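Visitor: Numbering (the numbering used here), first residue to last: 3 to 249.
For glycine and all other residues, C-beta sits at the position ideal for the given N, C-alpha and C.
Just so we're clear, the structure is a prediction, and the values are computed from it rather than from any experiment.
1) Would you identify the three-state DSSP class for residue 75, choosing helix, strand or coil?
2) Any idea what DSSP makes of residue 151, helix, strand or coil?
3) Under the DSSP definition of a beta bridge, which residues are partnered with residue 134?
4) Our contact map puts residue 86 next to residue 63 with C-beta atoms below 8 Å; I'd like the distance itself, whole angstroms only.
5) Just the Cα atoms here: how many angstroms apart are residue 28 and residue 137?
6) Could you spell out the range, first to last residue, of the beta strand (DSSP E) harbouring residue 206?
7) List the whole-angstrom C-beta distance separating residue 166 from residue 244, where the pair is believed to meet the contact cut-off of C-beta under 8 Å.
8) At the level of alpha carbons, what is the spacing between residue 133 and residue 73?
9) Going by DSSP, what residues sit across from residue 172 in a beta bridge?
10) If you draw a straight line from the C-alpha of residue 83 to the C-alpha of residue 196, how long is it?
11) In its own chain, which residues sit with a C-beta less than 6 Å from the C-beta of residue 146, not counting the 5 before and 5 after it?
12) Pull the bridge partners of residue 98 from the DSSP assignment, please.
13) Using DSSP's beta-bridge definition, name the partner residues of residue 167.
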């Protein structure tokens with residue numbers, strides 16, 4: 003068996019799983035993250051940031067046994083907590099050496115046995131042509147070092163005909179909010195209309211294009227609602243596209 007058997011209490015019905023492991027996962031992070039990442043244990047173990055991805059994959063990815071490339075895996079929360087990934091074969095990559103030890107740690111805990119890992123630069127790594135059914139680019143495109151069109155164009159030859167790519171991004175129309183909090187220069191932003199245009203020109207059709215992080219907190223939900231009114235959109239979007247290429 004490539005995956006750990008899920009317990010009913012470990013699933014949320016919306017696409018997340020292994021939730022009975024969250025506290026243990028947070029302990030592993032706290033014990034093993036180096037000092038410069040010590041403040042990120044709650045971020046990485048916070049499954050809310052995975053909810054939109056989990057829900058989109060649950061709606062659109064029905065098959066098992068797919069080949070999946072996860073770009074920028076971090077300490078493997080996506081592989082661990084996304085239900086639709088539990089019966090797939092995953093190749094995870096990340097360029098950050100501090101995250102590599104978590105691969106063996108989670109294997110020892112009995113998880114992510116369906117995952118292989120390589121510490122590489124996504125802009126340099128090579129794979130066989132048409133190797134993957136699904137490519138995931140989650141929590142990556144906010145980084146200034148990686149540009150959406152360049153990255154997706156580079157990865158597209160590794161996608162099978164009819165394969166899908168998931169990615170998320172920060173809406174440039176709401177960057178003034180980041181500016182208010184002094185965070186504007188930390189991130190890369192994209193205009194949703196330009197993203198849609200690029201998707202079409204690159205030979206993909208949109209399966210899902212929706213707001214990310216539907217918060218459980220009423221104050222945050224009110225803030226996001228206000229942003230949609232003032233800026234005409236969400237602060238973050240999650241997108242699933244499918245290749246239209248017949249070959």
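Guide: In terms of the structure at hand:
1) Secondary structure at residue 75: coil, using DSSP grouped into helix, strand and coil.
2) Residue 151 sits in a helix when the DSSP states are folded into three classes.
3) Per DSSP, 161.
4) The pair is a contact, with the Cβ atoms about 5 Å apart (cut-off 8 Å).
5) Roughly 26 Å between the two C-alpha positions.
6) Residue 206 -> beta strand (DSSP E) spans 206–213.
7) Contact between residue 166 and residue 244 holds, with the beta-carbon distance rounding to 5 Å and staying under 8 Å.
8) A straight-line Cα-Cα distance of about 14 Å links residue 133 and residue 73.
9) In the DSSP assignment, the residues bridged to residue 172 are 191 and 238.
10) Their backbone Cα atoms lie some 31 Å apart in a straight line.
11) In chain order, 190 place their CB closer than 6 Å to the CB of residue 146, counting only its own chain and leaving out the 5 sequence neighbours on each side.
12) DSSP, once it has assigned bridges, lists no residue as partnering residue 98.
13) Per DSSP, 137 and 243.
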